Amino acid sequence: MRIGIEMAIQFTRIEFLTRSKGGDSCRKAAYNARTIVKNEQTGIKYNFSRKKDNVYHTVLIPDYVNQDFKNIQTLMNEVERTAKKENSQLLKDIVIALPDEKELNLEHRIELTHQIVDEMEWVQKGIGVQIDIHKPQIGDKNWHVHILLTMRRFREDGTGLGDIAVDLNPKFITVNGKKVVIKDSEMIHEIAKEETNAYFAELGLPYRVNGYQ
1 MRIGIEMAIQ FTRIEFLTRS KGGDSCRKAA YNARTIVKNE QTGIKYNFSR KKDNVYHTVL
61 IPDYVNQDFK NIQTLMNEVE RTAKKENSQL LKDIVIALPD EKELNLEHRI ELTHQIVDEM
121 EWVQKGIGVQ IDIHKPQIGD KNWHVHILLT MRRFREDGTG LGDIAVDLNP KFITVNGKKV
181 VIKDSEMIHE IAKEETNAYF AELGLPYRVN GYQ
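Each residue of the sequence shown is one higher than the last, beginning at 1 in UniProt numbering.
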C-alpha cells in the first residue's frame, strides 16, 4: 500500500460574528442549519429551509445544561439575550474542509467531525457547539463543516449562558523574548490535520493531509 499520498489542501477559516457589523446569531444558525429560526428580540424570522445541501445537523452542550438548549431556536436566542452591548461578539464561526475522497461516506465524515470537536474540548469547557455538514454542489469537491461556538460558557446551574470564556481566546507564547499569538485557525487546523490523518490510517487509506490554506 502506498502511504503519504497528499490530498487536497485543507482549509480552516474562523470569523467572529459581531453585532456591530450587523451579525445576528439566529440568522447565522438558521443559515448553517438550512432551517427556520426566529429572533425573539427583533421578531424577525429567518428561513433558509429551501437550501438542501445540509446533510447533518446537531447541537452539543454539556450534560449538566438544560437540554432545551440543543434546539437552536432556544440556544441562539439565549446568545442574543446575553449579549448586551452593541459591539458584542456573538459567536465564533468556524469552517473546516472535510475529505472528499470517494472511499469516505457521510458516516465517516460525521465521525471525523466529532473527533475533531472532541479533541478541541469545547463542550467539556462549557461551550455550546452547533455542527452542520454541507455536501458539495454537483461537480464540486467541497465537503465542509460549519461549527458555531458560543462566546459565553454555560453557567454551572445549567440554566443559561454566563460569563464570556476569555480563557479560550487566542493564546500567546514567548519566542526569543517576544510575545507571539497562536491564531485559532492555525491551532484548529493542526488538530483537524492530525485527526484526519489518524482517521485515514485507521481506515487503511493511503491519503494524508499536507498543507494549510
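Where is the CB? At the ideal position from N, CA and C, for every residue including glycine.
All of these numbers come straight from a predicted model, not from anything done at the bench.
Rounded C-alpha distance that separates residue i from residue j
i, j, result
"Val117", "Ile110", "11 Å"
"Ala192", "Asp167", "21 Å"
"Met120", "Glu78", "23 Å"
"Tyr199", "Gln41", "43 Å"
"Tyr31", "Lys85", "23 Å"
"Leu112", "Asn87", "35 Å"
"Arg81", "Arg153", "14 Å"
"Ile72", "Ala201", "35 Å"
"Asp100", "Leu106", "10 Å"
"Ala97", "Ala29", "19 Å"
"Met76", "Lys51", "20 Å"
"Asn39", "Arg208", "42 Å"
"Asn66", "Leu149", "17 Å"
"Asp184", "Leu91", "14 Å"
"Ile93", "His146", "Reading off the sequence, residue 93 comes out as Asp, not Ile. Straight-line Cα distance between these residues: approximately 7 Å."
"Ala83", "Asp24", "11 Å"
"Ile36", "Ile131", "16 Å"
"Glu195", "Lys135", "20 Å"
"His108", "Met151", "29 Å"
Secondary structure of residue i, DSSP reduced to three states
i, result
"Asn32", "helix"
"Phe200", "helix"
"Lys51", "coil"
"Asp63", "coil"
"Ile191", "helix"
"Val180", "At Val180 the pLDDT is 47, less than 50, meaning the model places this residue with poor confidence; the figure from the coordinates comes in the next sentence. Val180 falls in the strand class under three-state DSSP."
"Val37", "strand"
"Arg152", "strand"
"Leu168", "helix"
"Leu205", "coil"
Candidates the options: closest to residue i by CA position
i, options, result
"Asn210", "Asn197, Leu75, Lys102, Glu101", "Asn197"
"Ile61", "Glu103, His114, Arg50, Pro206", "His114"
"Ile133", "Asp68, Arg34, Glu101, Glu156", "Arg34"
"Pro206", "Lys102, Glu156, Ile72", "Lys102"
"Thr12", "Met151, Ala165, Glu156, Asn142", "Asn142"
"Gly22", "Asn66, Gln89, Thr74", "Gln89"
"Glu156", "Ile127, Asn169, Ile131", "Ile127"
"Gly204", "Lys135, Ala165, Ile14, Leu104", "Leu104"
"Val95", "Gln137, His144, His108, Phe69", "His144"
"Ile14", "Glu194, Gln137, Asn169", "Asn169"
"Phe69", "Val129, Arg27, Glu194, Pro136", "Val129"
"Cys26", "Thr74, Asp140, Asp63", "Thr74"
Entirely enclosed alpha helix (DSSP H) segments - the stretch 68-144, minimum 4 residues: 72-82, 106-120
Inter-stretch contact (C-beta, 8 Å, three-pair minimum) for the stretch 188-202 and the stretch 155-166: no
Contact between the stretch 9-21 and the stretch 41-60 (3+ Cβ pairs under 8 Å): no
Cβ contact check for the stretch 123-132 and the stretch 39-48: 3 or more pairs under 8 Å: no
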